[in-house]
Amino acid sequence: MKTYQTLLTELEKGIFIITINREDKLNALNKTVISELNEAIDEVYTNSEIKGAIITGKGSKSFVAGADISEFKGMSEEQGKALAQRGHDVFDKIEMSAKPIVAAVNGFALGGGCELAMACHIRIASENAKFGQPEVKLGIIPGYGGTQRLTQLVGKGKALELLMTGDTIDASCASKLGLVNDVVQTVELIDTCKALLQKITGMAPIAIAQVIQSVYAHFKDGINGFDTEIELFGKCVATQDFAEGTAAFLEKRKPVFAGK
Ligand code: COA
């Protein structure tokens, strides 16, 4: 298995755990982390042993405390756009993964950290997690999709409030807003994410991939999500897994999905 400078990775029972490993900098996203995250997500796409993934941060204090501010100094407009584009490319790749990706938010999820969590399909937070988009305090706006994904998750009013105040909210507030799916005790965080992924990856893999694609069709310009659903429903019906799922139901047994 590939090794990384800023990430720890492990594969256990089909679940790939990606841990951002810059604990002394609260796992801030520097260029190396972004580049290595891209490579790790490529592994998720291409390694058939990987059925789903968890992204988390090292230590008990921080998931990711944002983009690495030390890399911002002296940046030109063009460099700023290139930095944002690179982040968008990697986070879009996470979002469009055909395999489910869960953020295990174990502490601060600020700026790029909140954006990374929002790019994942599901977010589970530990009780000490904190969320926010504090970019305006630095004179910038979120550059890794935050203005869009936060609005999609919590609605325009709350998104504008959080984006314009730069306020940090706790896990319970994030849960009430729909920013996170669930809040659990810190010691249970990874096991909860693993159990959730085991459940999802026990379903027909092509159906899971089509759910992801169909839901995100809602947010893509020029694409009608209802049309996408009709198209992908047809594709699912043509799979071996559909034949197996329906046969298993009628024969009162557990289905064995081949992902075909
Ligand atoms: N970029 C670069 N370094 C960061 C960082 C970031 N986004 N967030 C934290 N760090 C570094 C700190 O500089 C410090 O490094 P040092 O020990 O070499 O001085 C280390 O991580 C620990 O952070 P510190 O600020 O001492 O911890 P704290 O508990 O006092 O505060 C936070 C925690 C998260 C409130 C604070 O670190 C913070 O506000 N970080 C920036 C958040 C942000 O604005 N993110 C959006 C960036 S676009």
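In this text, residue positions in the sequence shown follow the numbering used here: the first is 574, and each later residue adds one. Beta carbons: idealized from backbone N, C-alpha and C, even for Gly. Since the model is a prediction, treat every value here as computed from it, not as a measurement.
Helix, strand or coil: which one does DSSP assign to residue i?
i	result
Phe532	Outside the displayed span of the chain (574 to 833) sits residue 532, for which this structure offers no information.
Val757	strand
Leu602	strand
Ala820	helix
Ala676	strand
Gly798	helix
Glu804	helix
Lys767	helix
Phe792	coil
Glu622	coil
Val663	helix
Leu576	The amino acid at residue 576 is misidentified as Leu; the sequence shows Thr. Three-state DSSP puts Thr576 in coil, outside helix and strand.
Val829	coil
Lys772	helix
Ser670	coil
Any heavy atom of the ligand COA closer than 7 angstroms to the Cβ of residue i?
i	result
Phe589	no
Gly638	The residue you asked about is not Gly; residue 638 is Ala in the sequence shown. Yes, the Cβ of Ala638 comes within 7 angstroms of a heavy atom of the ligand COA.
Ser643	yes
Glu650	no
Asp597	yes
Gly684	yes
Glu688	no
Leu823	no
Leu711	yes
Phe806	no
Phe681	yes
Ala816	no
Glu734	no
Ala834	Because the chain here runs from 574 to 833, residue 834 falls outside it and cannot be looked at.
Pro828	no
Glu583	no
Ala904	Outside the shown range of the chain (574 to 833) lies residue 904, about which nothing can therefore be said.
Glu609	no
Pro707	yes
Of all Cβ atoms in chain D, is any one closer than 8 angstroms to the Cβ of residue i?
i	result
His791	The chain labelled as chain D is not found in the depicted structure, where only one protein chain is given.
In this structure, what does DSSP give as the bridge partners for residue i?
i	result
Thr592	Leu581, Thr629
Pick out the complete beta strand (DSSP E) segments inside the segment 626-655, 3 residues or longer, and give them in chain order. 635-637
Can you list, in chain order, the stretches of the alpha helix (DSSP H) that have 4 or more residues and sit fully within the segment 678-750? 685-692, 719-727, 729-738, 744-750
Below 8 angstroms, how does it come out for the segment 681-698 and the segment 659-668: are there three or more Cβ pairs, yes or no? yes
So, does the segment 681-692 touch the segment 635-653, judging by three or more C-beta pairs under 8 angstroms? yes
Contact the segment 587-595 vs the segment 758-776: 3+ CB pairs below 8 angstroms: yes
Below 8 angstroms, can you find three or more Cβ-Cβ pairs linking the segment 777-788 to the segment 802-812? yes
Segment contact flag, the segment 750-758 with the segment 575-584, C-beta cutoff 8 angstroms, min 3 pairs: no
Three or more beta-carbon pairs under 8 angstroms between the segment 729-738 and the segment 704-720, yes or no? yes
Should the segment 652-665 be regarded as contacting the segment 632-639, the criterion being three or more beta carbon pairs within less than 8 angstroms? no
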